[in-house]
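Okay, so here's the structure we're looking at.
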Amino acid sequence: MPDAADLPLIGAAALRARAAARVLRTLPTDTKNAALAAMADALVERTDEVLAANAADVEAAAADGTPEAILDRLRLDADRVADVAAALRELVALPDPVGDVVRGSTLPNGLQLREVRVPLGVVGIVYEARPNVTVDAAGLCLKSGNAALLRGSASAFRTNTALVAVLTETAAKAGLPEGSVELLPADRASVGELLSARGFVDVVIPRGGASLIERVVRESTVPVIETGVGNCHVYVDASADPAMAEAIVLNAKTHRVSVCNAAETLLVHRDVPFLPRLLSALAEAGVTLHGDETARAAHSAVVPATDQDWATEYLSMDMAVRVVDDLPQALEHIARWGTGHSEAIVADSARAIAEFTAGVDAAAVLVNASTRFTDGGEFGFGAEIGISTQKLHARGPLGLPELTSTTYVVTGSGHVR
1 MPDAADLPLI GAAALRARAA ARVLRTLPTD TKNAALAAMA DALVERTDEV
51 LAANAADVEA AAADGTPEAI LDRLRLDADR VADVAAALRE LVALPDPVGD
101 VVRGSTLPNG LQLREVRVPL GVVGIVYEAR PNVTVDAAGL CLKSGNAALL
151 RGSASAFRTN TALVAVLTET AAKAGLPEGS VELLPADRAS VGELLSARGF
201 VDVVIPRGGA SLIERVVRES TVPVIETGVG NCHVYVDASA DPAMAEAIVL
251 NAKTHRVSVC NAAETLLVHR DVPFLPRLLS ALAEAGVTLH GDETARAAHS
301 AVVPATDQDW ATEYLSMDMA VRVVDDLPQA LEHIARWGTG HSEAIVADSA
351 RAIAEFTAGV DAAAVLVNAS TRFTDGGEFG FGAEIGISTQ KLHARGPLGL
401 PELTSTTYVV TGSGHVR
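All residue numbers for the sequence shown refer to UniProt numbering, where the first residue is 1 and numbers rise by one.
So, in structure tokens, the structure goes:
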């Protein structure tokens with residue numbers, strides 16, 4: 001375990017968070033809920049203050065040549081602030097996972113055994129550009145009894161500073177301990193310190209692009225819950241309803257292109273008769289299509305695709321298109337190029353649906369529904385820290401239960417061994 005002096009940028013914040021975590025794990029649900037509700041109200045009341053900081057961040061990022069997809073993630077308006085506040089209120093309405101008994105039994109020797117949910121402790125979150133994550137992460141951590149160390153990107157630092165000021169001032173008035181939510185400096189060195197703060201930080205969760213996630217996984221001595229990029233696919237089976245397929249594909253691709261659950265590749269069975277219509281609908285919506293030879297023959301707007309297109313998380317109005325011979329070939333394509341995030345099938349055939357859901361390896365599999373539904377809020381989890389694509393501890397949207405561990409409580413009546 002490092003000494004706090006070895007962490008000049010984050011050591012003081014980590015110590016405050018460590019002390020706060022010991023208090024937060026014991027707080028009653030009513031206290032946490034009251035704090036979250038007060039935070040939501042304060043965010044709405046201080047919207048102008050938050051938006052002024054955000055406008056400065058967006059202006060600076062645009063001047064630096066930041067792509068529009070990233071600017072969209074960074075940008076807030078009054079409606080988005082209201083949505084962030086609403087997510088906190090949704091957390092208030094959700095059950096508190098702390099203290100839940102996962103399982104229990106009485107052993108043959110009379111010992112009573114209970115596995116009980118407990119907070120993780122201090123949760124470090126490293127994320128890019130999206131200031132809504134600041135509030136979502138803080139709220140989820142507090143409701144689940146954890147202290148939050150937030151390391152957002154430099155491009156959002158003014159916004160994050162304003163948001164955390166609202167949260168911490170309100171939390172103090174509501175009786176939460178100092179250090180419950182801490183914003184770390186937005187420079188590369190602070191990430192390095194966070195990743196080496198084993199003993200101060202219990203888990204680190206990265207949320208951002210591939211390079212950020214790879215760095216965290218590679219360098220961290222603190223346990224990591226790995227979230228992943230979203231190279232998501234929609235497979236349209238030969239049995240698919242044309243109108244349903246068009247609606248789902250358009251929504252999955254164009255509803256919001258800058259997010260990880262937007263679809264990036266369209267796979268279409270060779271026997272689908274409405275491929276030209278489907279491609280026309282995408283092109284008319286402004287999507288640039290990168291397709292194989294069969295897709296190019298079906299529509300003049302399709303440009304040639306390369307292996308790079310199959311591998312790319314575009315986060316833009318681009319989509320790769322491949323025509324496959326059958327469902328097994330679609331599954332083979334997804335297994336090679338997918339990132340294990342969200343995969344969708346549009347089909348009327350029960351057999352095709354069963355084969356797809358059994359054969360695809362992803363955190364979320366959607367049947368006759370858009371990939372845009374892979375989201376903590378849409379799943380009824382309130383908000384989310386991120387979407388885990390790993391297979392240990394938690395997979396899919398990381399909500400309240402996923403921010404807990406368990407403790408075995410063993411109760412006897414003088415038992416000795």
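Glycine is no exception: its CB is placed at the ideal position from the N, C-alpha and C atoms.
When the distance is taken between beta carbons, is residue j closer than 7 Å to residue i?
i	j	result
residue 53	residue 158	yes
residue 236	residue 346	yes
residue 302	residue 311	no
residue 80	residue 261	no
residue 339	residue 228	yes
residue 233	residue 353	no
residue 257	residue 316	yes
residue 384	residue 366	no
residue 148	residue 181	yes
residue 122	residue 17	yes
residue 38	residue 168	no
residue 359	residue 392	no
residue 131	residue 156	yes
residue 32	residue 183	no
residue 292	residue 305	yes
residue 248	residue 388	no
residue 124	residue 201	yes
residue 4	residue 15	yes
Kindly list the residues whose CB is nearer than 7 Å to the CB of residue i, restricted to its own chain and excluding five residues on each side of it in sequence; keep chain order.
i	result
residue 212	126, 128 and 206
residue 134	150, 152, 160, 163 and 164
residue 107	113
Leaving aside the five residues before and after residue i along the sequence, list all residues of the same chain whose C-beta is less than 6 Å from its C-beta, in chain order.
i	result
residue 390	226
residue 145	24, 25, 98 and 119
residue 166	42, 43 and 46
residue 220	195 and 204
residue 356	345
residue 263	232, 234, 252, 253 and 371
residue 40	85, 88 and 89
Measure from the alpha carbon of residue i to the alpha carbon of each residue in the options, then state which is nearest.
i	options	result
residue 253	189, 281 and 150	281
residue 401	60, 11, 112 and 120	120
residue 93	50, 35, 351 and 328	35
residue 376	137, 41 and 147	137
residue 275	287, 305, 318 and 322	322
residue 222	233, 248, 195 and 239	195
residue 342	81, 348 and 313	313
residue 329	350, 320, 269 and 300	269
residue 272	255, 263, 256 and 240	240
residue 403	245, 187 and 96	96
residue 139	333, 171, 352 and 88	88
residue 210	201, 231 and 197	231
residue 60	50, 74 and 307	74
residue 105	417, 413, 408 and 415	408
residue 251	374, 308 and 326	374
residue 267	327, 380 and 394	327
residue 197	387, 10 and 394	10
residue 68	349, 259 and 337	259
residue 297	279, 287 and 307	279
residue 28	4, 174, 51 and 49	174
residue 246	368, 56 and 350	368
Looking only at its chain, what residues have a beta carbon closer than 8 Å to the beta carbon of residue i, apart from the 5 residues adjacent to it on each side?
i	result
residue 224	203, 204, 205, 206, 216 and 217
residue 284	none
residue 418	The chain is shown from 1 up to 417; residue 418 falls before or after that span and cannot be answered.
residue 412	110, 111 and 112
residue 71	58, 61 and 62
Who pairs with residue i in a beta bridge, going by DSSP?
i	result
residue 206	126
residue 343	233 and 365
residue 409	114
residue 319	289
residue 182	149
residue 37	DSSP lists no partner for residue 37.
residue 119	404
residue 104	114
residue 324	269
residue 396	388
residue 227	388
residue 263	232
residue 303	290
residue 198	201
Residue i and residue j look like a contact to me (Cβ under 8 Å); what is the Cβ gap, rounded to whole Å?
i	j	result
residue 299	residue 320	Their Cβ separation, rounded to whole angstroms, is 14 Å, which puts residue 299 and residue 320 out of contact at 8 Å.
residue 410	residue 111	6 Å
residue 2	residue 199	7 Å
residue 433	residue 396	A query on residue 433 cannot be resolved here, the shown segment of the chain reaching from 1 to 417 and no further.
residue 277	residue 242	7 Å
residue 20	residue 177	4 Å
Chain D beta carbons: is any one of them nearer than 7 Å to that of residue i?
i	result
residue 350	This model lacks chain D altogether, as it is built from one protein chain only.
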